[in-house]
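First up is the structure itself, then whatever we jot down about it.
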Amino acid sequence: MLQKLEKEIKEKVIEASRTLPPDVAAAIKAAYEREEKAEARIVLKAILDNIDIAGKTGLPLCQDTGLFWTLISYAKDSPYPLSDLVDTTERALSKAAEEGLFRKSIVSEPVFDRCNTGTNMPPVITIELIEGKVSTIDILLKGFGSENCSAVRTLNPTAGKDGVVNAVVDMVREAGGKPCPPMFLGIGIGGSVDRAALLSKKALIAKVRHKDERYSDLEEEILERVNELSIGAGGLGGKATALEVNILYTPTHIAGLPVALSISCWADRKAHIAVGEELWKED
Amino acid sequence: MERRLILPYGNAEELKRIEAGDYVLLSGTLYVGRDQVHKRLSIMIEEKESLPFPFKGNGIYYMGPSPRVPGFALGSAGPTTSQRMDPYSPALMREGLLLMVGKGPRKKEVREAIVKYSGLYLQAFGGCGALYSERIKKAEVVAFEDLGPEALLKLEVEDFPTICVIDSLGRCPYSLS
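From first to last, the protein sequence lines are chains F and Y. Counting along the first sequence from 1, when you hit position 12 you're at 12 in this note's numbering, and nothing is skipped either side. All you need for this note's numbering is the position in the second sequence, starting with 1, plus 283.
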């Protein structure tokens with residue numbers, strides 16, 4: 001069942017471990033070109049060389065091939081059941097880890113034994129419903145150097161724009177050089193603490209186009225303020241602390257203003273699959 | 284300035300010559316250990332057991348590779364976050380393991396131990412696992428094979444690029460300690 005889809009997911013995930021999305025690679029190249037600090041230029045040049053080597057050799061970009069953070073957006077009029085989509089995705093991820101020579105980075109239990117599952121499974125999967133016939137699958141290869149720096153803050157409801165900006169700047173300052181800057185920042189605002197955190201991950205999937213311009217302005221302001229921290233590439237100073245900021249927001253309670261930040265390292269690796277007819281219809 | 288360091292190094296002066304901000308290329312033997320290796324080594328030190336490799340003259344690289352890719356000694360092999368090794372590093376330095384290669388900030392205690400024992404902390408480029416794999420010519424497991432990708436390895440490296448971010452005098456011109 002859904003064999004073509006399984007192959008498609010597997011191949012895109014393996015490719016994601018070796019090749020960055022074109023916009024991510026272009027942002028890093030542009031950062032190198034405008035960087036003036038000597039050490040930061042050395043780091044950015046090494047990153048560009050690394051991208052080149054991974055593309056040519058089949059070596060993963062980074063040894064931390066990440067946790068499979070997966071969002072399945074199930075179209076309500078899909079001609080196949082949701083369980084098929086979930087099973088196919090899990091099978092594909094398992095095969096990608098094996099065939100793509102991913103590092104086995106998952107332990108079966110977090111506190112006591114921390115035994116490696118030996119398969120890089122299970123993934124973290126979130127399922128959402130969307131309109132229409134075309135389901136989508138988004139996968140982030142979430143490295144944990146940066147994930148360990150992600151955080152949630154619960155702000156005062158009257159904190160406003162400045163409160164949000166300051167909270168994010170604070171979390172990034174705290175992260176410092178640890179998440180392998182230059183970083184990409186996903187921000188989720190509103191809902192409950194868990195919903196804000198989920199939105200912050202979704203904000204890493206793709207550039208958000210806002211109807212409400214105030215949120216585009218907020219993204220720009222945060223990017224500017226974060227780069228004033230001069231953490232820089234590799235944490236060695238310079239201009240390239242963060243290269244992109246994306247915000248997703250949702251209604252929240254009168255008493256609260258949750259703000260979540262998910263940080264991606266420069267190796268902002270991801271795969272997107274739209275499950276069109278060609279992928280589910282049997283030959 | 285650009286410097287070269289051949290490992291194992293012959294005497295402590297070679298580490299002291301390297302200054303914060305220097306671009307340092309490593310060649311020769313480099314040992315690899317991360318979280319669990321550090322935990323085990325510190326227990327061995329406490330219990331006065333013999334250590335699985337000579338600390339004196341050698342360096343340790345904080346890394347856990349991805350599976351070997353055909354044509355290479357390992358898979359992707361970039362540095363991991365040094366801070367998780369901080370609770371163990373002073374004890375290892377006391378026993379003579381003075382050269383550390385990782386990424387990101389260190390705690391005050393580590394910087395103080397670097398000054399006390401004239402150690403050296405070099406930063407490798409985070410996320411550049413493919414680039415580092417190309418500079419690793421040989422790799423073998425030395426101990427703790429049960430740890431899988433976290434096992435203690437011995438590497439032969441060639442022109443392995445790093446930047447000195449804390450020198451033997453504890454100088455760090457970056458917001459990394």
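Note that beta-carbon positions come from the ideal geometry of N, C-alpha and C, so glycine has one too.
For residue 189 of chain F, the uninterrupted beta strand (DSSP E) segment begins and ends at 183-191. Residue 335 of chain Y has its alpha-carbon roughly 21 Å from the corresponding atom of residue 356 of chain Y.
If one requires a minimum length of 3 residues, the beta strand (DSSP E) runs lying completely within the segment 43-89 of chain F are 67-75, in chain order. Among the CB atoms of chain F, one or more fall inside 9 Å of the CB of residue 346 of chain Y. Cβ-Cβ distances below 7 Å link residue 309 of chain Y to 288, 290, 440, 443 and 445 in the same chain, with the five nearest sequence neighbours on each side left out; the list follows chain order.
Residue 406 of chain Y is bridged by DSSP to Y/385 and Y/446. The continuous alpha helix (DSSP H) containing residue 373 of chain Y extends over residues 372-377. Residue environment: residue 35 of chain F is assigned as buried (16 or more neighbouring CB atoms within 10 Å of its CB, all protein chains considered).
Contact between the segment 4-11 of chain F and the segment 81-97 of chain F is present: three or more C-beta pairs spanning the two stretches fall below 8 Å. DSSP, reduced to helix, strand and coil, places residue 152 of chain F within a strand of the structure shown. According to DSSP, residue 24 of chain F shares a beta bridge with no other residue.
Beta-bridge annotation (DSSP): residue 287 of chain Y is paired with Y/308. Shown here for residue 449 of chain Y: same chain residues with a beta carbon closer than 7 Å to its own, the five before and five after excluded, namely 303, 389, 394, 397, 404, 455 and 460 in chain order. About 4 Å separates the beta carbons of residue 250 of chain F and residue 190 of chain F, which is inside the 8 Å limit, making them a contact pair. Take residue 55 of chain F, set aside five residues on each side of it, and the residues of its chain with a beta-carbon closer than 7 Å to its own are 18 and 19, in chain order. Here residue 226 of chain F is near residue 185 of chain F, since their CB atoms are less than 9 Å apart. If the five residues before and after residue 387 of chain Y are omitted, its C-beta is found closer than 8 Å to the C-beta atoms of 364, 365, 366, 406, 409 and 459, all from its own chain and listed in chain order. Residue-level contact by beta carbon holds for residue 386 of chain Y and chain F, with a gap shorter than 9 Å.
Taking 4 residues as the shortest admissible run, the segment 314-363 of chain Y contains the following complete alpha helix (DSSP H) segments, listed from N- to C-terminal end: 318-329.
Contact annotation, residue 358 of chain Y with residue 67 of chain F: C-beta distance approximately 17 Å; criterion of less than 8 Å not satisfied. For the pair residue 438 of chain Y and residue 424 of chain Y, the Cα-to-Cα distance works out to about 9 Å.
Any Cβ of chain F closer than 9 Å to the Cβ of residue 403 of chain Y would place that residue at the interface, and such an atom is absent. Burial state of residue 156 of chain F is exposed, judged by a 10 Å Cβ sphere holding fewer than 16 other Cβ atoms. Membership of residue 138 of chain F in the beta strand (DSSP E) is indicated by the continuous run 135-142.
For the pair residue 345 of chain Y and residue 187 of chain F, the Cα-to-Cα distance works out to about 30 Å. Separation of residue 104 of chain F and residue 375 of chain Y (C-alpha to C-alpha, rounded to the nearest whole angstrom) is 28 Å. Within the same chain, Cβ atoms closer than 8 Å to the Cβ of residue 144 of chain F are found at 64, 66, 67 and 105, the five residues on either side in sequence being excluded. Assignment of beta-bridge partners to residue 246 of chain F by DSSP yields F/186. Spatial neighbours of residue 219 of chain F in its own chain (CB-CB distance under 7 Å, excluding positions within 5 residues in sequence) are listed in chain order as 245, 246 and 247. For residue 270 of chain F, the uninterrupted beta strand (DSSP E) run begins and ends at 270-275, by DSSP.
With a threshold of 9 Å between beta carbons, residue 457 of chain Y makes contact with chain F. For residue 246 of chain F, the nearest beta carbon of chain Y is not closer than 9 Å to its own beta carbon. If you check the CB distance, residue 236 of chain F and residue 46 of chain F do not come in under 9 Å. Taking a contact to require three or more Cβ pairs closer than 8 Å, the segment 429-437 of chain Y and the segment 310-320 of chain Y qualify as touching. Contact of residue 217 of chain F with chain Y is not assigned, every C-beta pair being separated by 9 Å or more.
Judged by beta-carbon spacing, residue 292 of chain Y lies within the 9 Å limit of residue 340 of chain Y, meaning their Cβ atoms are closer than that value.
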